[in-house]
Amino acid sequence: MERKTVFKGRLLPYLLVAPQLLITIVFFFWPAGQAVWFAFLRQDAFGIRTSFVGLENFQDLFADPLYLETLRNTLVFAAGVSCIALGTALLLAVMADRQIRGAGLYRTLLVWPYAIAPAIAAVLWIFLFHPQIGMLGRALNGAGIPFDYKLNGNQAMLVVILAAAWKQVSYNFIFFLAGLQSIPKSVLEAAAIDGARPAYRFWTVTFPLLSPTTFFLLVVNLVYAFFETFGVIDALTKGGPGRATETLIYRAYIDGRVNLDLGMSSAQSVVLMLVVILLTAVQFRFIERRVHY
Amino acid sequence: MSTTDARAARTAAPGREGGTDWLAHAVLLLGTVLFALPLWIVLMGSSHDAATIGRGEVPLLPGPHAAENYAAAWSRGTTGVPVARMLWNSTVMALCVAVGKIAISILSAYAVVFFRFPGRNLVFWSIFITLMLPVEVRIFPTFKVVSDLGLVNTYAGLIVPIIASATATLLFRQFFLTIPDEFVEAAKMDGAGPLRFFRDVVLPLSRTNMAALFVILFVYGWNQYLWPLLVATSEDVETVVIGMVKMIGSESNTDWSLVMTTCVLALLPPVAVVLLMQRWFVKGLTETEK
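So, in structure tokens, the structure goes:
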């Protein structure tokens, strides 16, 4: 889309875009380019000599069983977070969309967790699931079910998934509710007059009409689970016990920060970049196709 | 069908599923409680002493130690950095990210929409493409650039790299495209130049969008974790989210009641901003990201 009437100016438009363009070049293009370049380099053990090694970093990465395990963890984690956060939010949004008393108040009470940082969500969940000081953790242990997310890998994964999903429900709720409210009610009325039961109406009319929102949110949730949940994992489990909750972004951090392996860390960054680009590309294609439904 | 019709149909049939209202209330109440319970636990916990929390009593009612906990956290913390200092750093970061991003975005969107200049498309696409890569993905190379510039442990190093993203620019561009051509023609006829038009017409019209973006970006800036963890290691610039997680550090001698107190202090400002500006924020969020 373009405007018909515009202003004349030679220098002014460049001055106006200069601040953002400068920041984008220095803090986006330059580092992103370096990440790609470093991924093909390798430093010796003392960090003195750097040599070009082609795709070796990538070959090493995918030959590393620990990296593949991290990949598997990430997929389990991302799938868990997305399913729980989307399912819960959709249920709440459908209920909040009804004409009931106090709907506005419910909405407010369901929206505020959007403001919670992932790391803070994790700390809140420590006080639920910690085996000694957490409400549920103590209750479970008291009932004879051994529960300690710092020792049991599966329990650790469950807790980080729940904490990460908990924080994301509000975001999804806001979008689902906006999506539901934009569905013309006459369509639903027509289905109701035809005698379709509420549940049937939901799955045959509402849910398909909501699919663009759902798909958009699915991509956003996957990106969230892949990258923004770093704080959840760092605050709750630090990737442990063992490597049970180590995701791709956490491993990239450990390799870059703790192991100081810039080549391997960059190779991992490049893999992550490809994941995001793929997700975004799929999203744009899908939305383009869906515009005229 | 227009939205007005949809609204009319919606209000014309109130309680058409009246029989299932109790189900909606039950589900929504359950959801509300699930969200509120963890917050309630830290809120109540922050008013008890460390020994009570350490014994695992999980108090659900207020205790007598609120004042001393908040005073202790505020003025000294447990890791040598007073929480007041961390809160100040987080406030500076969140405000600068929000204001800075809005400022550079509204200017570049204005140039891209209201001018024709060589390289305009290139400028637009190079800004647009930043949407593709969240800061977490390019974290170490960005850190290297910041450290080469000598900006480690400074507010500038903490804030400016976070500002490099396109969401706000896209929202403003979208909105500017809806400003009628007649406005521009009228301004030209009156002899108003582009800067005058920007100040007298575009800025006032953009107020709602700026408010919405402010909420989203304030929360975004306040809640940053991985970037400050790398770049703000000195206590002078430590943010409250990082500081709070550091307090947990070694679990054996963690002062849990002060962790709870700090947790409350850390989540209060962004929650307050979202609740106070809820109306704009919900509208802005659903419009920015779609």
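Chains as they are written, first to last, in numbering that gives the first Met the number 0: chain W, 0 to 292; chain A, 0 to 289. No residue lacks a Cβ here, since even glycine has one placed at the ideal position from N, Cα and C. Quantities reported herein were computed from a predicted structural model and do not represent experimental measurements.
- Going by beta carbons, A163/A and T236/W fall outside the 7 Å limit.
- F213/A is positioned such that its CB atom lies no closer than 7 Å to that of A25/A.
- Of all alpha-carbon atoms in A138/W, P18/W and L217/W, the one lying nearest the alpha-carbon of Q167/W is that of L217/W.
- Chain order gives the chain W residues near L38/A as W111, P112, I115 and L123, where near means a beta carbon separation below 9 Å.
- Under the DSSP assignment, S256/A falls in the alpha helix (DSSP H) whose first and last residues are W255 to L275.
- Contact annotation for M85/A against chain W: no contact, minimum CB-CB distance about 13 Å [criterion: below 8 Å].
- Per DSSP, reduced to three states, the secondary structure at S50/W is strand.
- It is roughly 16 Å from the alpha-carbon of R137/A to the alpha-carbon of I158/A.
- Comparing alpha-carbon positions, the option among V144/A, G99/A, V240/A and S256/A lying closest to N88/A turns out to be V240/A.
- Of the residues G79/A, F174/A and A35/A, the one whose Cα lies closest to the Cα of P112/W is A35/A.
- With fewer than three CB-CB distances shorter than 8 Å, the stretch 24-39 of chain W does not count as touching the stretch 232-252 of chain W.
- For I253/W, no chain A residue has a C-beta closer than 9 Å to its own C-beta; the minimum C-beta separation is roughly 12 Å.
- Per DSSP, reduced to three states, the secondary structure at F229/W is helical.
- Interface flag for P18/W against chain A is set, since a Cβ pair is found closer than 7 Å.
- Runs of the alpha helix (DSSP H) spanning 4 or more residues and lying entirely within the stretch 67-117 of chain W occur at 102-110, in chain order.
- Bridge partners of Q42/W according to DSSP: T49/W.
- With fewer than 16 other CB atoms across the displayed protein chains lying within 10 angstroms of its CB, I144/W is exposed.
- At a cut-off of 7 Å between beta carbons, M134/W contacts chain A.
- In this structure, V80/W lies near I160/W, with their beta-carbon atoms less than 7 Å apart.
- For the pair S125/A and Q58/W, the Cα-to-Cα distance works out to about 31 Å.
- Any Cβ of chain W closer than 7 Å to the Cβ of V183/A would place that residue at the interface, and such an atom is present.
- Counting of Cβ neighbours within 10 angstroms places R137/W among the buried residues, the total reaching 16 or more.
- Looking at G283/A, A23/A and W73/A, the one whose alpha-carbon comes closest to that of M209/A is G283/A.
- Neighbours of S104/A in chain W, taken as residues whose beta carbon is under 7 Å from its own, are Q19 in chain order.
- If you draw a straight line from the Cα of M43/A to the Cα of L157/W, it is about 26 Å long.
- Of all residues in the stretch 200-216 of chain W, those with a C-beta nearer than 7 Å to a C-beta of chain A are F215, reading in chain order.
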